[in-house]
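Asks:
Number of protein chains: 2
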Amino acid sequence: MKKKTIAVDMDGVLADIEASLIECYNKECGTAISRESIQGLSEEDAFHGRTILRGILNSENFFRTLPVMPDAVESLRQLQENFEIFIVSAATEFPMSLHEKIGWLGEHFPFISWENIILCGSKRIINTDYMIDDHSKNLDYCIGKPIMFTAFHNINQTHHLRVNNWKEVLETLEKTL
Amino acid sequence: MKKKTIAVDMDGVLADIEASLIECYNKECGTAISRESIQGLSEEDAFHGRTILRGILNSENFFRTLPVMPDAVESLRQLQENFEIFIVSAATEFPMSLHEKIGWLGEHFPFISWENIILCGSKRIINTDYMIDDHSKNLDYCIGKPIMFTAFHNINQTHHLRVNNWKEVLETLEKTL
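Chains as they are written, first to last, in our numbering: chain A, 1 to 177; chain B, 178 to 354.
(1) Are the C-beta atoms of tryptophan 114 of chain A and some chain B residue less than 8 Å apart?
(2) What is the C-beta distance between arginine 64 of chain A and glycine 106 of chain A, in whole angstroms, given that I count them as a contact (C-beta under 8 Å)?
(3) Suppose you measure from the CA of isoleucine 324 of chain B to the CA of methionine 131 of chain A; what does that come to, to the nearest Å?
(4) Given a threshold of 16 other Cβ atoms within 10 Å of its Cβ, counted over all protein chains shown, does glycine 55 of chain A qualify as buried or as exposed?
(5) Return the residue from the list B/Ala267, B/Ser211 and B/Val185 that minimises the CA-CA distance to serine 252 of chain B.
(6) What residues in its chain sit with their C-beta under 6 Å from that of phenylalanine 47 of chain A, if we drop five residues either side in the sequence?
(7) What residues in its chain sit with their C-beta under 7 Å from that of cysteine 29 of chain A, if we drop five residues either side in the sequence?
(8) List the residues of chain B whose Cβ lies closer than 9 Å to the Cβ of asparagine 127 of chain A, in chain order.
(9) Quick test of the definition: if touching needs 3 or more C-beta pairs under 8 Å, does the region 157–166 of chain A touch the region 187–195 of chain B?
(10) Could you check whether isoleucine 303 of chain B and valine 265 of chain B sit closer than 8 Å to each other, using their CB atoms as the reference points?
(11) Under 8 Å, Cβ to Cβ, is there at least one residue of chain B near leucine 66 of chain A?
(12) Would you say asparagine 156 of chain A and serine 136 of chain A are within 8 Å of each other, going by their C-beta atoms?
(13) Would you mind telling me which residues of chain B sit closer than 8 Å to threonine 92 of chain A, beta carbon to beta carbon, in chain order?
(14) Beta carbon of asparagine 235 of chain B, beta carbon of phenylalanine 263 of chain B: below 8 Å?
(15) Just to confirm my understanding: we take arginine 254 of chain B, look at its own chain, exclude 5 residues before and 5 after, and list those with CB closer than 7 Å. What are they?
(16) Rounded to whole angstroms, what is the Cα-Cα separation between alanine 268 of chain B and methionine 96 of chain A?
(17) Any C-beta of chain B sitting closer than 8 Å to the C-beta of leucine 14 of chain A?
(18) Note down, in chain order, each residue of its chain lying with its Cβ closer than 8 Å to the Cβ of glutamine 39 of chain A, except the 5 sequence neighbours on either side.
(19) Can you name, in chain order, every residue of its own chain whose Cβ lies under 7 Å from the Cβ of threonine 128 of chain A, other than the five neighbours on each side?
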């Protein structure tokens, strides 16, 4: 039987971009933002100054050195037994990130083939059975069943099935088998 | 009304990869391959030596300097009035090509937004109304209506609607409006 497919986002789902963003932003701006202090804020309200934010996201090695989200590696490996996994990352806005993301995936998720990696802009034409993402802008228009991965900026959004961590992703998806 | 969507391949469709490949291969191997001499051959039979071929495809600036296919720019601009265009290129196998492809599109097709660019591996999960591509491996499994763009390696394949150039793409798609 054909395996069901899952589109898995990178930033905020596989990669802990929040941790690195807070660190770089505080260094750049002399602020003392913490994970706790930005809960429930939009990305724009959490990190003022679009130019500063874009500067960080465009800086060399930013995406290449992001920490891996807890339990993400083992969970994807386990899911791969029963699902076909596609990594689907909005990346074409930041051309510098493209080869860094491939390098990052190669280091941490070497069991994901290049054929199953998609670096895109809009995710509206991605057709998988499930989509795991932290952004409403992707989940609201996705073709498959949306699964919202908790991030500081989405905790007040209640219109999608929510998972708080990779253990919950596994529980949720294995129930569907 | 929502515009119909088209996935447009890059190499062999927007970019004349054949021309550059022949030139680089002849230089590398001392051969005298021409467009005419490889008609109807598979890519493997036309360009012997997978290592040499991969070396060319991995070399700096190869993808960045490909010539644009005749009439591609004006045709895409015209199609954009009635369709939503997505550029969908199998690129993750060659990480070097990723930012070069973005740069190339920015130079020649600046009217295509980063949101409509998809650099991928397999195109099986791309859901557009039409897919224009030169490879059966992409067209045979695509979700939308496949349109085969003529290339040396596909001239004997007859199972898809064929277009020989960008003028024919326009004619074919504008008929559907």
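Backbone N, C-alpha and C fix where the C-beta goes; we use that ideal spot for every residue, glycine too.
Please read all numbers here as calculations on a predicted model, not as lab measurements.
Replies: By the coordinates alone:
(1) yes
(2) Actually they do not touch by this definition, with Cβ atoms about 11 Å apart.
(3) 28 Å
(4) exposed
(5) B/Val185
(6) Tyr25 and Leu53
(7) Ile52
(8) Arg301, Ile302, Ile303, Asn304 and Ile320
(9) no
(10) yes
(11) no
(12) no
(13) Ile279, Trp291, Glu292, Ile294, Ile295 and Leu296
(14) no
(15) Phe288
(16) 15 Å
(17) no
(18) Phe152 and Ile155
(19) Thr5, Ile6, Ala7, Phe86 and Gly144
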